[in-house]
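Since the structure comes first, as structure tokens, the remarks are kept for the end.
Chains as they are written, first to last, in this note's numbering: chain A, 21 to 350; chain B, 515 to 772.
See below:
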């Protein structure tokens with residue numbers, strides 16, 4: 021099913037594992053060339069299984085997909101020629117240096133000896149590893165390993181880049197540096213980026229569009245703004261100073277909107293007109309003689325989107341599903 | 515597009531670099547067989563007094579055991595290195611390149627083969643210094659080294675099969691005692707015809723490892739013995755073919771890329 025679509029097209033993709041586990045359960049998505057697509061979900065949701073299928077490392081059980089115009093099941097070699105991938109493990113050889121990694125990757129990708137050295141140096145410079153290039157990778161920090169992984173994925177100038185949880189475990193500074201590089205790749209070089217993440221902020225900051233996956237199914241898709249708009253406006257949460265006032269506070273707030281998720285000590289409503297209602301709320305609570313310990317206006321986040329679509333919060337949602345992603349082929 | 519030969523070269527270079535940068539792999543491969551040789555040749559030296567014993571020095575008789583043990587270490591190294599690549603995800607990285615399965619398999623053996631070469635040269639050098647008399651001369655010593663490498667590569671196929679199938683370095687290392695037992699139940703310490711326990715002699719006669727050892731040993735204690743060499747090489751070739759076939763199948767299952 022070769023197509024002219026230079027991005028990614030997925031139709032009804034399914035992957036099952038032993039024990040009738042549907043790690044990916046019929047997903048459809050489309051990523052335009054040059055777009056950054058954020059694939060957001062908790063651990064075990066099916067993100068890595070999807071990436072493994074799209075990068076041809078794992079045959080799908082059903083459905084079909086094209087990457088860079090090539091069928092992932094029938095034209096694996098063509099797909100691999102057009103993609104770069106930094107998978108979840110940041111699989112590097114601790115006994116080799118950064119430069120040796122680049123040389124190996126470039127050589128296996130078909131570059132000649134002179135081009136290998138030039139390309140390796142160019143990419144090591146770009147990811148800020150030139151000074152550490154001749155040190156063994158065993159001594160690299162997590163951020164350095166991720167950057168080397170990214171450099172290796174770019175060695176053959178792929179048009180599509182798969183990044184599987186590229187910033188998991190990184191400190192904020194390393195994370196931010198990697199975001200900048202990914203953004204530059206998409207903006208300056210026109211690289212299509214398929215990025216999986218369990219970090220809301222990452223999807224929010226980086227992705228042009230986001231697909232939220234839970235238990236193998238895409239539960240929402242759109243730009244971050246669209247997704248947030250879809251679930252309604254801002255929420256306000258009030259925590260009374262006296263816990264006995266909780267019920268009365270709820271009655272007051274009910275006049276301003278529908279009940280929303282809240283902390284155990286507070287009460288929250290989704291505001292129909294947004295922040296402009298805040299002053300009225302404060303006045304109404306004051307009129308009712310309710311002293312407040314805390315009042316917070318909260319704009320919708322992707323976690324709220326996830327909560328609305330799945331009934332669970334993204335944080336911690338994956339723990340119960342983790343077993344589902346064990347790659348034991350059926 | 516890189517040729518298969520270039521691919522093998524690239525993977526082999528990485529494999530050799532990795533191996534040579536791990537003293538924990540090199541030291542036991544060299545020290546352990548020599549240590550066992552020292553213990554056996556002093557403890558069992560009286561065996562040369564047994565009528566019909568084919569050598570006047572037990573050191574001459576036992577030196578080839580080092581080469582076989584070196585081959586076993588090479589097999590374990592090949593297996594653990596491949597299993598480590600499966601476990602760490604490095605194999606996935608390799609799969610994303612145009613690299614062929616054959617190139618991975620052959621390239622990955624290079625480190626283990628280098629280890630076996632280092633071992634073989636050291637055993638021979640130490641043996642000669644300690645008084646080993648290689649009856650087949652300098653040419654025979656060279657053949658002995660090549661024979662040891664050939665055995666190491668054949669056994670590395672078994673290690674690679676285990677590594678690819680299990681994806682667990684610990685599981686590969688767990689197979690080491692089994693391989694060791696296989697060699698103990700051979701003519702490793704005593705010529706077959708002089709083994710007095712019937713069942714042991716029968717097992718040693720059926721054990722292909724006996725013929726591998728006897729082929730190697732003939733170069734040291736007999737000279738050029740065509741029959742012993744032919745048998746040993748045939749057994750080695752059989753193991754090589756079977757082990758590479760099974761390793762290739764195991765790797766094909768592991769590399770599920772489309």
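We put the beta carbon where it would ideally sit given N, CA and C, even for glycine.
Review point. Hey, does residue 604 of chain B have any beta-carbon neighbour from chain A nearer than 8 Å?
Key: yes
**Study point:** Within 8 Å, strictly: CB atoms of residue 676 of chain B and residue 689 of chain B
**Key:** yes
Check your understanding: Looking at the structure shown, is residue 115 of chain A part of a helix, part of a strand, or coil, going by DSSP?
Key -> coil
Check your understanding: Does DSSP classify residue 25 of chain A as helix, strand or coil?
Key -> coil
Review point. Considering only residues of the same chain and omitting the five flanking positions on each side of residue 29 of chain A, which have a CB-CB separation below 6 Å?
Key: 50, 86
Check your understanding: Which residues mark the beginning and the end of the beta strand (DSSP E) in which residue 57 of chain A is found?
Key -> 56–60
Point to revise | Neighbour list for residue 120 of chain A in chain B, Cβ cutoff strictly below 8 Å | key: 528, 531
Review point. Is the shortest distance between the beta-carbon of residue 346 of chain A and the beta-carbons of chain B less than 8 Å?
Key: For residue 346 of chain A, the predicted structure reports a pLDDT of 43, less than 50, and the residue's modelled location is therefore unreliable. A value from the coordinates is still provided. No, no contact with chain B.
Point to revise | CB contact check: residue 31 of chain A to chain B, cutoff 8 Å | key: no
Check your understanding: How many angstroms separate the CA atom of residue 737 of chain B from the CA atom of residue 150 of chain A?
Key -> 57 Å
Exercise for review: Return no unless some Cβ of chain A is closer than 8 Å to the Cβ of residue 535 of chain B.
Suggested key: yes
Check your understanding: When burial is assigned at 16 or more other CB atoms within 10 Å of the CB, is residue 330 of chain A buried or exposed?
Key -> buried
Point to revise | Beta-ladder partner(s) of residue 156 of chain A, from DSSP | key: Among the bridge pairs identified by DSSP, residue 156 of chain A is matched with A:117.
Exercise for review: Measure from the alpha carbon of residue 288 of chain A to the alpha carbon of each residue in A:257, A:308, A:264, then state which is nearest.
Suggested key: A:257
Check your understanding: Just how far apart, CA to CA, sit residue 267 of chain A and residue 254 of chain A?
Key -> 21 Å
**Study point:** Pair within 8 Å by beta-carbon distance, residue 65 of chain A and residue 179 of chain A
**Key:** It is not a contact, given that the beta carbons lie outside the stated cut-off.
Review point. Does the pairing of the stretch 712–719 of chain B with the stretch 636–655 of chain B give three or more beta-carbon distances under 8 Å?
Key: no
Practice item. Output the boundary residues of the alpha helix (DSSP H) element that contains residue 228 of chain A. Key: It is not in any alpha helix (DSSP H) - residue 228 of chain A carries neither H nor E in the DSSP assignment.
Review point. Under a three-way DSSP split, which group does residue 260 of chain A fall into?
Key: Correct three-state label for residue 260 of chain A: strand.
Exercise for review: Pick helix, strand or coil for residue 349 of chain A, following the three-state DSSP scheme.
Suggested key: Because the pLDDT at residue 349 of chain A is just 46, under 50, the model does not fix this residue reliably, and the value given afterwards should be weighed accordingly. Here residue 349 of chain A carries a strand assignment [DSSP, helix/strand/coil].
Review point. Under 8 Å between C-beta atoms, does residue 763 of chain B make it to chain A?
Key: Judged by the 8 Å Cβ criterion, residue 763 of chain B is not in contact with chain A.
**Study point:** DSSP state of residue 31 of chain A mapped onto helix, strand, coil
**Key:** strand
Practice item. Take residue 214 of chain A and list the residues in its own chain whose beta-carbon comes closer than 8 Å to its own, dropping the five residues that flank it on each side. Key: 28, 51, 57, 59, 71, 74, 180, 181, 182, 183
Review point. Counting only beta-carbon atoms, is residue 214 of chain A nearer than 8 Å to chain B?
Key: no
Check your understanding: For a contact meaning CB atoms closer than 9 Å, what does residue 524 of chain B contact in chain A?
Key -> 123, 124, 127, 128
**Study point:** Same chain only: Cβ atoms within 7 Å of residue 539 of chain B, ignoring 5 sequence neighbours per side
**Key:** 533, 591, 629
Check your understanding: How about residue 683 of chain B: is its C-beta nearer than 8 Å to some C-beta of chain E?
Key -> No chain E appears in this structure, whose protein chains are A and B.
**Study point:** Host alpha helix (DSSP H) of residue 136 of chain A (start-end)
**Key:** Per DSSP, the continuous alpha helix (DSSP H) segment holding residue 136 of chain A begins and ends at 133–146.
Exercise for review: List the residues of chain B whose Cβ lies closer than 9 Å to the Cβ of residue 79 of chain A, in chain order.
Suggested key: 770, 771, 772
Review point. Cβ of residue 612 of chain B less than 8 Å from any chain A Cβ?
Key: yes
Exercise for review: Provide the residue span of the beta strand (DSSP E) that contains residue 45 of chain A, from first to last.
Suggested key: For residue 45 of chain A, the enclosing beta strand (DSSP E) stretches over residues 41–51.
Review point. Thinking just about the alpha-carbon of each residue, which of A:107, A:152, A:306 is nearest to the one in residue 261 of chain A?
Key: A:306
Check your understanding: Do the stretch 557–564 of chain B and the stretch 646–653 of chain B make contact, defined as three or more Cβ pairs closer than 8 Å?
Key -> No, because fewer than three Cβ pairs between the stretch 557–564 of chain B and the stretch 646–653 of chain B fall closer than 8 Å, the two stretches do not touch.
Point to revise | Beta carbon of residue 236 of chain A nearer than 8 Å to that of residue 48 of chain A | key: no
Check your understanding: Whose C-beta lies closer than 8 Å to the C-beta of residue 327 of chain A among residues of the same chain, with five residues either side of it excluded?
Key -> 281, 333, 334.
Practice item. Could you tell me the distance, in whole angstroms, from the CA atom of residue 81 of chain A to the CA atom of residue 696 of chain B? Key: 42 Å
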